[in-house]
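Asks:
Residue numbers (my numbering): 726 to 906.
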């Protein structure tokens, strides 16, 4: 499956534009972290863009999240390690590979970066810097859904938190027009 086909599939299953944007943000961050770790950017990006494919289908039954995605992707030639990463991001299977740890940590971080951007005076991603995100990160009541303990698992990639946040922030800034920020 190429990137265009993956995006078409995302748009077919996710009608909420913010969920599509979230998928694009996770894809961009996955590619950036893959590049930093000398991994397969295409494969990691594919895991990122497809990770929440069934979100709207399983919204009322979150315990089923990723199960429908696995069924949808079943006959489409998606590699086993991409499927593993998709399941790992939701805690369905333990993280085993760098791709698993990356998506597990990136998923909540993208939400925190978006929330921080919306709190910034300009509300523009290009104006947000690492220090601004870190200040919001330290506020426990800010973006509570962005679980800090999951973000901090980036240590399993051999990355310090600051570098990890900076990589993802830069990746998201690179697609800011796609994100509408």
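For each residue, glycine too, the CB sits at the ideal point set by N, CA and C.
Please read these numbers as outputs of a predicted model, since none were measured by experiment.
Less than 8 Å between the CB atoms is what I'm expecting for residue 748 and residue 792, so what's the real figure, rounded?
Replies: Not quite, the Cβ-Cβ distance comes to about 18 Å (not below 8 Å), so this is no contact.
Asks: Measure how close the beta-carbons of residue 829 and residue 813 come, nearest whole angstrom, since I'm counting them as under 8 Å.
Replies: The Cβ separation is near 6 Å, so the contact holds.
Asks: Taking just the CA atoms, how far does residue 819 sit from residue 802?
Replies: About 23 Å.
Asks: With the cut-off set at 7 Å, would you say residue 850 and residue 898 are in Cβ contact?
Replies: In contact: residue 850 and residue 898 (Cβ atoms closer than 7 Å).
Asks: With a threshold of 16 other CB atoms inside 10 Å of the CB of residue 834, please say whether the residue is buried or exposed.
Replies: By the neighbour-count rule (16 or more Cβ atoms within 10 Å), residue 834 is buried.
Asks: Based on Cα-Cα distance, which residue from 799, 798, 779 lies nearest to residue 790?
Replies: Closest option to residue 790, Cα to Cα, is 779.
Asks: Taking the alpha helix (DSSP H) that residue 807 falls in, what are its first and last residues?
Replies: Run containing residue 807: 805 to 814, per the alpha helix (DSSP H) assignment.
Asks: Rank 884, 846, 832 by C-alpha distance to the C-alpha of residue 870 and give the top, closest one.
Replies: Answer by Cα proximity: 832.
Asks: Taking 7 Å as the threshold (C-beta atoms), are residue 868 and residue 843 in contact?
Replies: In this structure, residue 868 does not lie closer than 7 Å to residue 843 by Cβ.
Asks: Are there 16 or more other CB atoms within 10 angstroms of the CB of residue 763, so buried, or fewer, so exposed?
Replies: Counting Cβ neighbours within 10 Å, residue 763 comes out exposed, since fewer than 16 surround it.
Asks: Taking DSSP as the reference, what is the three-state secondary structure of residue 782?
Replies: The answer is coil: DSSP assigns residue 782 none of H, G, I, E or B.
Asks: For residue 821, collect the residues of the same chain with a Cβ closer than 8 Å to its Cβ; drop the 5 residues on either side in sequence, then sort them by chain order.
Replies: Only 809, 813 meet the Cβ criterion.
Asks: Report the residue ranges of all alpha helix (DSSP H) runs contained in full by the region 824 to 890; include only those spanning at least 4 residues, in chain order.
Replies: DSSP runs (the alpha helix (DSSP H)) wholly in the region 824 to 890: 855 to 863, 873 to 876.
Asks: Output the boundary residues of the alpha helix (DSSP H) element that contains residue 788.
Replies: Segment: none, residue 788 is in no alpha helix (DSSP H) and carries neither H nor E.
Asks: Hey, residue 770 and residue 751: beta-carbon distance below 7 Å or not?
Replies: Not closer than 7 Å, so no.
Asks: Which two residues bound the contiguous alpha helix (DSSP H) that contains residue 733?
Replies: Residues 728 to 738.
Asks: Please determine, among 853, 846, 888, 823, the residue with the shortest C-alpha to C-alpha distance to residue 882.
Replies: Here the closest residue by C-alpha is 823.
Asks: Could you tell me if residue 746 is buried or exposed, where buried requires 16 or more neighbouring beta carbons within 10 angstroms of its beta carbon?
Replies: Residue 746 is buried by the Cβ-count criterion.
Asks: So what does DSSP say about residue 797, is it helix, strand or coil?
Replies: Three-state result, residue 797: helix.
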